[in-house]
Amino acid sequence: MRKRITLKKKSDPEQFAIPFTVEPSKELFTFVDCSQRNSGGIVRDLEVQIGNALVPVDFHILNIKLNWNSSLLLGRAFLSTVGAV
């Protein structure tokens with residue numbers, strides 16, 4: 051008989067540190083529900099591990115409500131790079 055081990059979830063630290071620089075950005079994003087948000091800044095070339103590959107990705111920082119319920123669409127170039135398209 052195999053023993054199942056369940057680890058307790060750590061409490062949410064709410065903040066964590068990743069070394070990066072936020073550059074200013076004035077881009078406007080339109081979402082699936084036609085709402086719009088301004089970019090609060092951009093983090094360039096942050097490496098994201100997908101499978102065995104490290105992919106440099108630009109992230110836009112958005113100020114949105116905590117319970118905001120809308121879909122975000124990833125760009126086709128990103129999806130193609132990671133082999134999803």
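What the sequence shown shows, in the working numbering, is residues 51 to 135, in sequence order.
Beta carbons: idealized from backbone N, C-alpha and C, even for Gly.
Remember, it's a predicted structure, so these values are computed and weren't measured experimentally.
Judged by DSSP secondary structure, P69 falls outside any beta strand (DSSP E); it is assigned neither H nor E.
Assignment of S130 by DSSP, reduced to helix, strand and coil, places it in the helix class. Straight-line measurement puts the Cα of D83 at about 28 angstroms from the Cα of D95. Closest in alpha carbon position to K115, among T80, S75, R87, is R87.
No Cβ-Cβ contact shorter than 8 angstroms links S130 with H110.
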